[in-house]
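Q: Counting with the working numbering, you get residues 74 to 511 for the letters of the sequence shown.
Cβ coordinates follow ideal geometry from the N, Cα and C atoms, glycine included.
A single structure is presented below for examination.
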Amino acid sequence: GVNDLSLQRADITYKYIPQCDAVLFLLDAGQMLTASERVFLQEKLLGQSRDKIVFVVTKKDILSSSELDDVMTYARDNLARLVPSPRLFAVSAEQAIDNRPDSGMTELMDHLELYLSEERGRILLDNALGEAVAACRILDKGIGARRRALQMSVEELSRRIGNVERELAGQQKTIEQRRSTIREEVAAIKAWSRRDLEHLVTDVAEQIPGIVERSSVDELKSHLGPFLERSFRDWAQAETREIADALESLAEKTIALVRDDARDSGRKLADALGADLKAPPIAVDSFAYDIGVAAPAIIGIGVLFSNVLLGAALIAASPLLAWFVRGRIDAETRARARDLAPAAIRQAADTVAPKLDEMIDQFAQKLDAWVVAAGQEVFREILEVLEATREEREKGQHALDEASVACDRQADALAALLQRYERMRSDLWTPSSENPSA
């Protein structure tokens, strides 16, 4: 979402837009084209994905036929000022659920299927060219930093490298603080998970005598086992979701803090180096890849991770509960049922607890590794530029002149490459009648 209260999630949305195959831009039929939507379109979307946008007016069922016509005309006229020939559809999710042919969903889906099947090659090329353009711009910043460094004396370079190294030492302390916070919060999550598991065991054990007293032996055989399985499954569903939400919150908070650290460091670097150098952006999305979640960045980790936790918990517990249900209860008396049921739930809990701890620890370890890598990334590139420049200065004026010429040559080559990529990207979406060679 782009109006998310979490700026971190909004940043993730902005980052992924250039990489997507198509953009569905949703407009509320009852509140058409708000100020924030116009700003987002102009500042964040049109420059990156103009030709991928499909505009969808939602909740069309709240309008009469004439009102919908007016809204669509208003939307089309206003969007045409921003996007040539905007692709615009009106849908009602509620009508689609009821399988009504006038929901508008069929027309939208038909368009998407045609667009993504016929245009997919161009979409993939466009995404690749977008990555190439972004890489060129990052390289251009590096060349600019090196050129400015070449203008400094060896003494000045050494002084500024010392400043950056001291800043890096301070950053290391901050990284350790972040890692310590992760360890403390993970320990707390594991502690209350163990506590909740103990409460489950106690609660089920307290219910067993009443169930045994109220039930016949046949009822115990039929219903006691499913009761144990249902009790454990319900607990596991609620608990794993709570654990996953806590871990997701920890990850979001940690990433936001690391990004704040990077911005802080960027300002200090600019002061230390006397130029408009900035800290490299922290690649937030890499954390999602690191933890093996097939979703963009942090969004949805809670849901996905809770499913993984739940599956692991039930797999660990089910053999013990099944053993009780299918085997022992058939041969045991009512008195033995009082002993076996609590023992089964206790054994299941004892088996699941280490598994949950292990998965929580794995998540925490990957978050910890990401924090370390992200913190180191902030200064590494700039230090490399400064160190290389100092070595060239120490070799003498000849090496300095060669480095300066190399900077100019690289900058010219990069500018030509950037221009080429941008032209290719533009030609990609030019109709063939206008650009036969495309």
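Would you say residue 482 and residue 202 are within 8 Å of each other, going by their C-beta atoms?
A: In the sequence shown, the residue the question calls residue 482 occupies position 409. In the sequence shown, the residue the question calls residue 202 occupies position 129. No, they are not a contact pair.
Q: Report the residue from 127, 264, 411 whose alpha carbon sits nearest the alpha carbon of residue 100.
A: Along the sequence shown, one-based indexing puts residue 100 at 27. Among 127, 264, 411, the Cα nearest to that of residue 100 is on 127.
Q: Note down the Cα distance separating residue 270 from residue 304, rounded to an integer number of angstroms.
A: If you number the sequence shown from 1, residue 270 lands on position 197. If you number the sequence shown from 1, residue 304 lands on position 231. The alpha-carbon atoms of residue 270 and residue 304 are separated by roughly 11 Å.
Q: What first and last residue would you give for the alpha helix (DSSP H) that runs through residue 275?
A: Position 202 of the sequence shown, counting from 1, holds the residue named residue 275. It spans 227-287 - the alpha helix (DSSP H) in which residue 275 sits, taken as one unbroken run.
Q: Hey, how far is the Cα of residue 495 from the Cα of residue 114?
A: The residue given as residue 495 occupies position 422 in the sequence shown. The residue given as residue 114 occupies position 41 in the sequence shown. Residue 495 and residue 114: Cα-Cα distance of roughly 20 Å.
Q: For the beta strand (DSSP E) containing residue 126, name the first residue and the last one.
A: Locating residue 126 in the sequence shown gives position 53, counting from the first residue. Unbroken beta strand (DSSP E) run through residue 126: 126-131.
Q: Within the chosen definition, does the region 314-329 reach the region 254-266 through at least 3 CB pairs nearer than 8 Å?
A: At 8 Å Cβ cutoff, the stretches touch.
Q: When you compare the region 129-136 with the region 161-170, are there three or more beta-carbon pairs, one atom per stretch, that lie closer than 8 Å?
A: Touching, per the Cβ criterion.
Q: Please identify the residue among 312, 317, 277 whose C-alpha is closest to the C-alpha of residue 299.
A: Taking the first residue of the sequence shown as 1, we reach residue 299 at position 226. The option with the nearest alpha carbon to residue 299 is 277.
Q: Report yes if the CB atom of residue 132 is closer than 8 Å to the CB atom of residue 103, and no otherwise.
A: Working through the sequence shown from its first residue, we reach residue 132 at position 59. Working through the sequence shown from its first residue, we reach residue 103 at position 30. Yes; because the gap between Cβ atoms is below 8 Å, this pair is in contact.
Q: Could you work out which residue in 502, 476, 427, 183 is closest to residue 267 when comparing CA atoms only?
A: As a position in the sequence shown, residue 267 is number 194, starting the count at 1. When each option's Cα is compared against that of residue 267, the closest is 427.
Q: Would you list the one or two residues that DSSP bridges to residue 486?
A: For this step, residue 486 is matched to residue 413 along the sequence shown. The partner list for residue 486 (beta bridge, DSSP) is empty, contrary to what the question assumes.
Q: Report back the beta-carbon spacing between residue 448 and residue 196 to the nearest angstrom; my notes put them in contact at under 8 Å.
A: The residue labelled residue 448 in the question sits at position 375 within the sequence shown. The residue labelled residue 196 in the question sits at position 123 within the sequence shown. 35 Å between Cβ atoms; not a contact.
Q: Compare the C-alpha of residue 328 against each of 439, 238, 307 and name the closest.
A: One-based indexing of the sequence shown puts residue 328 at position 255. Ranking 439, 238, 307 by Cα distance to residue 328 puts 439 first.
Q: Between the region 216-235 and the region 420-437, do three or more beta carbon pairs fall short of 8 Å?
A: Counting Cβ pairs under 8 Å, fewer than three are found: no touch.
Q: Name the DSSP beta bridge partners of residue 33, please?
A: Examination of residue 33 is not possible in this model, given that the chain is present from 74 through 511 alone.
Q: Return the Cβ separation of residue 90 and residue 484 in integer angstroms, given the expectation that the two are a contact with Cβ distance under 8 Å.
A: Here residue 90 refers to the residue found at position 17 of the sequence shown. Here residue 484 refers to the residue found at position 411 of the sequence shown. Residue 90 to residue 484, Cβ: 29 Å. No contact.
Q: If you draw a straight line from the alpha carbon of residue 430 to that of residue 263, how long is it in whole angstroms?
A: The residue given as residue 430 occupies position 357 in the sequence shown. The residue given as residue 263 occupies position 190 in the sequence shown. Their Cα atoms are separated by approximately 6 Å.
Q: Can you tell me which of 486, 227, 434, 167 puts its alpha carbon nearest to the alpha carbon of residue 468?
A: The sequence position of residue 468 within the sequence shown is 395, counting from 1. The shortest C-alpha separation from residue 468 is found at 227.
Q: Could you pull the start and end residues of the alpha helix (DSSP H) that residue 136 belongs to?
A: For this step, residue 136 is matched to residue 63 along the sequence shown. Here residue 136 belongs to no alpha helix (DSSP H), and DSSP marks it neither H nor E.
Q: Short check: CB of residue 285 to CB of residue 411, under 8 Å?
A: The count along the sequence shown starts at 1 and reaches residue 285 at position 212. The count along the sequence shown starts at 1 and reaches residue 411 at position 338. Taking 8 Å as the Cβ cut-off, residue 285 and residue 411 qualify as a contacting pair.
Q: Here's a check: name, in chain order, each residue in its chain whose Cβ is nearer than 6 Å to the Cβ of residue 124, leaving out the five neighbours to either side.
A: In the sequence shown, residue 124 corresponds to position 51, counting from 1. Answer for residue 124: 502, listed in chain order.
Q: Given this structure, state the Cα-to-Cα distance separating residue 95 from residue 200, to the nearest angstrom.
A: By one-based count along the sequence shown, residue 95 stands at place 22. By one-based count along the sequence shown, residue 200 stands at place 127. Straight-line Cα distance between these residues: approximately 11 Å.
Q: Can you tell me whether residue 334 is buried or exposed? The criterion is at least 16 other CB atoms within 10 Å of its CB, across all chains shown.
A: Position 261 of the sequence shown, counted from the first residue, corresponds to residue 334. It is buried - the Cβ of residue 334 has at least 16 other Cβ atoms within 10 Å.
Q: Residue 161 bridges to which residues according to DSSP?
A: Counting from one through the sequence shown, the residue named residue 161 turns up at place 88. According to DSSP, residue 161 bridges with 128.
Q: If I'm right that residue 417 touches residue 301 with Cβ under 8 Å, what's the distance once you round it to whole angstroms?
A: In the sequence shown, counting from the first residue as 1, residue 417 sits at position 344. In the sequence shown, counting from the first residue as 1, residue 301 sits at position 228. Contact flag correct, Cβ pair sits at about 6 Å.
Q: If you draw a straight line from the alpha carbon of residue 224 to that of residue 210, how long is it in whole angstroms?
A: Position 151 of the sequence shown, counted from the first residue, corresponds to residue 224. Position 137 of the sequence shown, counted from the first residue, corresponds to residue 210. Going from the Cα of residue 224 to the Cα of residue 210 covers about 22 Å.
Q: Whole-angstrom Cβ separation of residue 441 and residue 252, contact assumed at under 8 Å?
A: Position 368 of the sequence shown holds residue 441. Position 179 of the sequence shown holds residue 252. Yes, they are in contact, since the Cβ atoms of residue 441 and residue 252 sit about 5 Å apart, within 8 Å.
Q: Cα separation between residue 157 and residue 118?
A: Start at 1 with the first residue of the sequence shown, and residue 157 comes out as number 84. Start at 1 with the first residue of the sequence shown, and residue 118 comes out as number 45. Computed Cα separation, rounded: 14 Å.
Q: Using a Cβ-Cβ cut-off of 6 Å (strictly less than) and excluding sequence neighbours within five positions of residue 181, which residues of its own chain qualify?
A: Taking the sequence shown and counting its residues from 1, the one referred to as residue 181 is at position 108. Cβ within range, chain order: 162, 164.
Q: Out of 159, 206, 145, state which residue places its alpha-carbon closest to the alpha-carbon of residue 487.
A: One-based indexing of the sequence shown puts residue 487 at position 414. Ranking 159, 206, 145 by Cα distance to residue 487 puts 206 first.
Q: Is the distance from the Cβ of residue 105 to the Cβ of residue 129 below 8 Å?
A: Translated into the one-based positions of the sequence shown, residue 105 becomes position 32. Translated into the one-based positions of the sequence shown, residue 129 becomes position 56. Taking 8 Å as the Cβ cut-off, residue 105 and residue 129 do not qualify as a contacting pair.
Q: Report the rounded CA-to-CA distance for residue 281 versus residue 414, giving the unit in angstroms.
A: Here the question's residue 281 lines up with position 208 in the sequence shown. Here the question's residue 414 lines up with position 341 in the sequence shown. Taking the straight line from one Cα to the other gives about 7 Å.
Q: Exposed or buried, residue 312, counting other C-beta atoms within 10 Å across all chains shown (16 or more means buried)?
A: Here the question's residue 312 lines up with position 239 in the sequence shown. Burial call: buried.
Q: Could you check which residue in 330, 289, 272, 287 has the C-alpha nearest to that of residue 309?
A: For this step, residue 309 is matched to residue 236 along the sequence shown. Here the closest residue by C-alpha is 272.
Q: Per DSSP, which one or two residues make a beta bridge with residue 98?
A: Start at 1 with the first residue of the sequence shown, and residue 98 comes out as number 25. Answer is 128.
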